[in-house]
Structures are given as structure tokens and as C-alpha cells.
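Student: Here it is, the structure, as C-alpha cells.
Residue numbers (our numbering): 59 to 246.
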């Protein structure tokens, strides 16, 4: 069952589709992070202006360097000591769809903890866009049952809720790390 879900999701993502999937925090709307048209579609589903950026998920810390020109040393340390899901906003974004990069050249990155999600990213060999599965401005759904039919019906695939794992049901902490390793807490 898991393999069937993985391969179906991979096919959809590779064709520029959007999926509704579990992460280690809340359910996410996502697409392949290097596909500009797919990223635009996620913004459309959320009814969100594209000036509010989304997170990219990677399966392993080693892959962060593929999308950040020079990862500040303190970023590695923060990821290493994090005891809950942590998103870092890092400077020098490269190799992703332009709509994911903020005006200042930063991008938000998280190493995902959900097993299904991690396997999907590994097989895709690219990061996955992650944004909460809600219309912009509405509350983030804490579990699958809280996701509206409007969102469920707007995606190309809904991953089986049994792959939810041990999600926290709340968004990750967010810390911005500047090029000189300056740190700013955005969300605890």
C-alpha cells in the first residue's frame, strides 16, 4: 500500500501536480519545488499572494546545500540541536522555483521527520513544497479531518491519512539565519 501511494504521488509530482500530504507538523499542500508552474498552482489553491513564501522540505541535512549557496555554520548547529520540527529561513537560495525565493534571496527549509514524506522526497530527488492545507488566512488544520473539502478537491492526489505518523498538529518553529549567522526567531 505504501509503495503504491509513493509511486502514484511521484508520478503526479513529476508531471507538475499538487498533492495533499502528511508532514511531521500539519498536513501540507505540496508540489515539486523546482517546478514553477506547480508552485503557482499551490499559491492559487491557497488563494494566496505569492509574496508570502512557502517552505521546502528536504529528507536529509546533506541536501540543504543543494538549495542554499553557502549554509551558515550556525544553521547546521540549530538543526542538530532541534528537539521539535524546525524551519530555518536561510540566505542564498538556488535551484528552486522563483516563486519560492523571497525578495531578499532567502528560502525557508525544514528537514522533515515524517517517514512517508521523507521517502517521497528521497525518491523524487528534489525538495517538496510545504504549506499548510488551508486557504490563506484560515486556521491551519491540526489533522486530516480538519481539512476542508475545498482543499481536498483542489489537489491531484490525497495521500492516505494512515501515513500521518506522529505529526505535532501544529506548525514548525521558524528561525531566520542571516549571512553573518545573526539569528531572529520568527515563530516559536
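A virtual CB, placed ideally from N, CA and C, is assigned to each residue, including glycine. None of these values were measured; they are calculated from a predicted model.
#1: Please report the Cβ distance between residue 145 and residue 231, rounded to the nearest whole angstrom; I am assuming they are in contact, meaning their Cβ atoms lie under 8 Å.
#2: Which residue spans inside the segment 191-235 form an unbroken beta strand (DSSP E) run of at least 3?
#3: Only counting runs of 3 or more residues, tell me where the beta strand (DSSP E) segments fall wholly within the segment 134-193, in order along the chain.
#4: Compare the Cα-Cα distances from residue 97 to each of 139, 73 and 81 and report the closest residue.
#5: So for residue 106, helix, strand or coil by DSSP?
#6: Here's a check: name, in chain order, each residue in its chain whose Cβ is nearer than 7 Å to the Cβ of residue 181, leaving out the five neighbours to either side.
#7: Between residue 165 and residue 113, what straight-line distance do the alpha-carbon atoms span, to the nearest angstrom?
#8: Using the C-alpha atoms, what's the distance from residue 148 back to residue 60?
#9: Tell me whether residue 194 is buried or exposed, calling it buried when 16 or more other Cβ atoms sit within 10 Å of its Cβ.
#10: DSSP beta-bridge partners for residue 242?
#11: Would you be able to state if there are at least three C-beta pairs under 8 Å between the segment 119-133 and the segment 206-220?
#12: What does the alpha-carbon distance come out to for the pair residue 187 and residue 209?
#13: Thinking C-alpha only, which one of 115, 141 and 229 is nearest residue 174?
#14: Determine the contact status of residue 76 and residue 107, defining contact as a CB-CB distance below 8 Å.
Tutor: On the basis of the coordinates in this document:
#1: Sure, about 7 Å apart at Cβ, within 8 Å.
#2: Listed in chain order, the complete beta strand (DSSP E) runs (minimum 3 residues) inside the segment 191-235 are 231-235.
#3: DSSP runs (the beta strand (DSSP E)) wholly in the segment 134-193: 144-148, 165-169 and 186-190.
#4: Cα-wise, what sits closest to residue 97 is 73.
#5: Reduced to three states, the DSSP call for residue 106 is coil.
#6: Taking residue 181 as the centre and dropping the five residues before and after it, the same chain places the C-beta of 64 and 68 closer than 7 Å to its C-beta, in chain order.
#7: Approximately 7 Å between the Cα atoms of the pair.
#8: Rounded to whole angstroms, the gap between the alpha carbons of residue 60 and residue 148 is 33 Å.
#9: Around the beta-carbon of residue 194, fewer than 16 other beta-carbon atoms lie within 10 Å, marking it exposed.
#10: Residue pairing by DSSP places residue 242 opposite 234 in a beta bridge.
#11: These segments do not touch.
#12: Each residue's alpha carbon lies about 16 Å from the other.
#13: The candidate whose alpha carbon is nearest that of residue 174 is 115.
#14: Contact: no.
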